[in-house]
Amino acid sequence: MTLDLYLDKTDDELFELLGAGLLDDGLGISPADRGANRRFGKQWFEHKHRDLQRKICHQERVQGLLGTTGSDRVLDAAAVYEVLQHLGEEPATAGVLAVLVARIGLGSFCANAPAPS
9 MTLDLYLDKT
19 DDELFELLGA
29 GLLDDGLGIS
39 PADRGANRRF
49 GKQWFEHKHR
59 DLQRKICHQE
69 RVQGLLGTTG
79 SDRVLDAAAV
89 YEVLQHLGEE
99 PATAGVLAVL
109 VARIGLGSFC
119 ANAPAPS
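Numbers 9 to 125, taken from this note's numbering, label the letters of the sequence shown in order.
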């Protein structure tokens, strides 16, 4: 599963991967490029937060996990990954986003989620 590749990455590494994927950067990029990718990935994630909430938080698979105690971040990430895959997200991007959302916590991430449009 693609998700397994991202579970042990730091947030900075995940944002870097997200930025590189969104910018379609290849292998062999310089450290300056990695920093730019990380900043871009983080800014994109923050900018798309509400849109991601709309896509993720109202899905039945995720709704079943909201409000549970002792939430398992791996289980949460798997649920978000499944939702994003079902919505047609690229597997690598879905994996990175799923881990980032799970680290925030579904309850926190989905707090005040706007209704889907």
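All C-beta atoms, glycine included, are put in the ideal place defined by N, C-alpha and C.
>> Rounding to the nearest angstrom, what Cα-Cα distance links glycine 49 and glutamine 67 in this structure?
In response: Residue 49 sits at position 41 when you count from the first residue of the sequence shown. Residue 67 sits at position 59 when you count from the first residue of the sequence shown. Between the C-alpha atoms of glycine 49 and glutamine 67 there is a straight-line separation of about 24 angstroms.
> Under three-state DSSP, which class holds histidine 55?
Replying inline: The residue labelled residue 55 in the question sits at position 47 within the sequence shown. Here histidine 55 sits in helix by DSSP.
> What does a CB cutoff of less than 6 angstroms around arginine 42 pick up in its chain, not counting 5 residues either side in sequence?
Replying inline: As a working mapping, residue 42 is identified with position 34 in the sequence shown. Same-chain partners within the cutoff: Glu24.
> Does the distance from the C-beta atom of alanine 110 to that of arginine 69 stay below 8 angstroms?
Replying inline: Locating residue 110 in the sequence shown gives position 102, where the first residue counts as 1. Locating residue 69 in the sequence shown gives position 61, where the first residue counts as 1. Between alanine 110 and arginine 69, the gap from beta carbon to beta carbon reaches 8 angstroms or more.
>> Less than 8 angstroms between the C-beta atoms of tryptophan 8 and leucine 15, yes or no?
In response: Limits of the chain in this structure are 9 at one end and 125 at the other, which puts residue 8 out of reach.
> Does the separation of the CB atoms of aspartate 84 and arginine 46 fall below 8 angstroms?
Replying inline: On the sequence shown, position 76 is the one that residue 84 refers to. On the sequence shown, position 38 is the one that residue 46 refers to. No, the pair does not count as a contact, with Cβ atoms beyond the cut-off.
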